[in-house]
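Enquirer:
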Amino acid sequence: MSTLKAVRGTRDLLPPETALWNRIEAIAREVFARYNFGEIRTPIFEDTSLFARGVGEETDIVSKEMFTWEDRSRAQSEKNQSLTLRPENTAGVVRAYIEHKLGESGQLQKLFYIGPQFRRERPQKGRYRQFSQIGAEVIGPPHAGSESPLRDAEVLEMLATLLDELGITGWTLEINSVGSSADRERYNQTLREALVPVVGQMCEDCQRRAVTNPLRVLDCKVPEDQPIIDALPKIVDSLDEDSKTHFAAVLAALDAAEVPYTRNHRLVRGLDYYTRTTFEFTHGGLGAQNALLGGGRYDGLSEAIGGPKAPGIGFAMGEDRLVLTLLAQQQAEPVKNDAYIAPLGDAKDQAALARMNAAALALARELRRAGLSVELGDGSFRLKKSFEAADKVARRIVILGEDELASGILTVKDFASGAQTKVPRAELAAILARPAGA
Ligand code: AMP
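In the working numbering, the protein residues as written are 675 to 1112.
Listed below in structure tokens is the structure:
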């Protein structure tokens, strides 16, 4: 029989790496709380039309990458329904915002999510078919201030803080404005005309995009096309006064908060719902898939899926890519346990060994209840083997032999300093709680 494996593009996350995932999520939750964001959890599958209408039929995600199936009805009275594993979470959040009438509170909704998303992309390093995003949305009726450029700047400043606190160094914030949908339409027309004389020299994809969705030409990565694209008209010149003023206010607030950014005239993002501010945080260490996160404003999304006017701004961060970046930065030393308890004894004396095992378990219980992380000996009852095993998983080893058990004085070795000390049992928890080497 052939062995079963995780499906292409999906993977198992195992310890110790999962500790890093948990640390990232804990820091994200803590930062979100400081900025007054609350958690939302939406289903991982939705009605297909949510994504078709919300994300856009013409986008790569909707046209090529969704996991969609016809869900069979169970009763004659029910109809089959087309369902899709969520390829992103913004559409689901806005659907929930509409469904639960969150706008009626008159308050701005500040919501974050952490969870898996699904896209049928060609798997490669940093690109998977099931991946995890950490994201947030600020959405609400215009009178709650949801259109304010201050919200854009606040979200960007929060992201800079979050990446710093995660320990990600060397990120770049790239920012652009794609204007209102009217601005974009105007720009698409300008681009279409500007492409006519040059598109014959461009790649096949660009030739197709020049007709279907000229904006997408700006995403082209083919080296020979780059000089042609760089010479095309820029979207900033198609923005109306309101969009220009909005963008200038976002940049001024970022300057005031000293958040560094780079303007990227070609950043238009792959989803149809974006308006005005769009951004990405990139990282050089990631190779081809260098976007850590992306986001922007989506002032017309709620209306596009049948809701009230509810401008908003949000982002989605690739958690898989945060992990890759941190691993590459070597900041991901596995977290070691506070102590390893090594019961020692005469291997030939079964009764003695059973007594030592029981004593080790009782001691571990005492320390774990005091809040320490503890691993129990491997049952070798041999000093050298116990030291080797302990050094891999714990900061200190506690030796528990017949003498220690009788005297209540335990031997503790600190692996960082190499120091070996005798510690009365009553003081053990306090000593083990100290940082390594202290
Ligand atoms: P997007 O909205 O497509 O820009 O996605 C936002 C972020 O999610 C990206 O910047 C990536 O960090 C991450 N991401 C998107 N697609 C994938 C994928 N297939 N595998 C891993 N991470 C992804």
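For every residue, glycine included, the Cβ atom is placed at its ideal position computed from N, Cα and C. Because the structure is a prediction, the values reported are computed rather than measured.
If you follow the beta strand (DSSP E) that Q1024 is part of, which residue opens it and which one closes it?
Expert: Unbroken run through Q1024 is the alpha helix (DSSP H), Q1024 to R1043; no beta strand (DSSP E).
Enquirer: Under DSSP, the beta strand (DSSP E) around M991 begins and ends at which residues?
Expert: G986 to G992
Enquirer: Heavy atom of the ligand AMP less than 8 Å from the Cβ of E699, yes or no?
Expert: no
Enquirer: Which of the three DSSP states, helix, strand or coil, is assigned to T864?
Expert: DSSP places T864 in helix when its eight states are reduced to three.
Enquirer: So, are the CB atoms of P982 and Y972 less than 9 Å apart?
Expert: no
Enquirer: Return the bridge partner residues of I1073 from the DSSP annotation.
Expert: A1016 and T1085
Enquirer: Since L724 and F741 should fall inside the 8 Å C-beta cutoff, what is the C-beta to C-beta distance between them, to a whole number of angstroms?
Expert: The Cβ separation is near 14 Å, so there is no contact.
Enquirer: Among T764, P934 and E839, which residue has its Cα nearest to the Cα of L945?
Expert: T764
Enquirer: So is T956 buried or exposed if we call it buried at 16+ other beta carbons inside 10 Å?
Expert: buried
Enquirer: For T936, collect the residues of the same chain with a Cβ closer than 8 Å to its Cβ; drop the 5 residues on either side in sequence, then sort them by chain order.
Expert: T846, L847, E848 and I849
Enquirer: Rounded to whole angstroms, how far is the Cβ of I903 from the Cβ of V852, which I believe are closer than 8 Å?
Expert: No, I903 and V852 are not in contact; Cβ-Cβ is about 16 Å, not under 8 Å.
Enquirer: Considering only C-alpha positions, which residue in the set M832, S779 and L782 is nearest to L967?
Expert: M832
Enquirer: Taking the beta carbon of V870 as the centre, do at least 16 other beta carbons fall within 10 Å, making it buried, or is it exposed?
Expert: exposed
Enquirer: Count Cβ pairs between the segment 751-758 and the segment 958-966 that sit closer than 8 Å; are there 3 or more?
Expert: no
Enquirer: Can D916 and S822 be called in contact, C-beta distance under 9 Å?
Expert: no
Enquirer: At 3 residues or longer, and completely inside the segment 839-894: list those beta strand (DSSP E) runs for me, N to C.
Expert: 845-851
Enquirer: Cβ-heavy atom distance between M832 and the ligand AMP below 8 Å?
Expert: no
Enquirer: Taking T722 as part of the alpha helix (DSSP H), name the residues at either end of that continuous run.
Expert: T722 to F725
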